[in-house]
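Student: Numbering (my numbering), first residue to last: 36 to 87.
For each residue, glycine too, the CB sits at the ideal point set by N, CA and C.
Model, not experiment: these values are computed from the prediction.
1. Under a three-way DSSP split, which group does residue 59 fall into?
2. Skipping 5 residues on each side, what residues in its chain have a beta carbon closer than 8 angstroms to that of residue 75?
3. Check this for me: beta carbons of residue 65 and residue 77, under 7 angstroms apart or not?
4. One question on the structure: do residue 68 and residue 41 come within less than 7 angstroms of each other, judged by their Cβ atoms?
5. So the alpha helix (DSSP H) residue 51 belongs to, where does it begin and stop?
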């Protein structure tokens, strides 16, 4: 696992999650975005492997 890539996606997606006002509080929006970023880093390589 690439820890730098994981950290990058968690931070970037977390910051982008702050732009979603319908999720409520700021920390909830950041955590939701961070979860999406972590999921992308962890699951997309497996998906790429399955499709290749």
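Tutor: Short version:
1. coil
2. 44 and 48
3. no
4. no
5. 38-52
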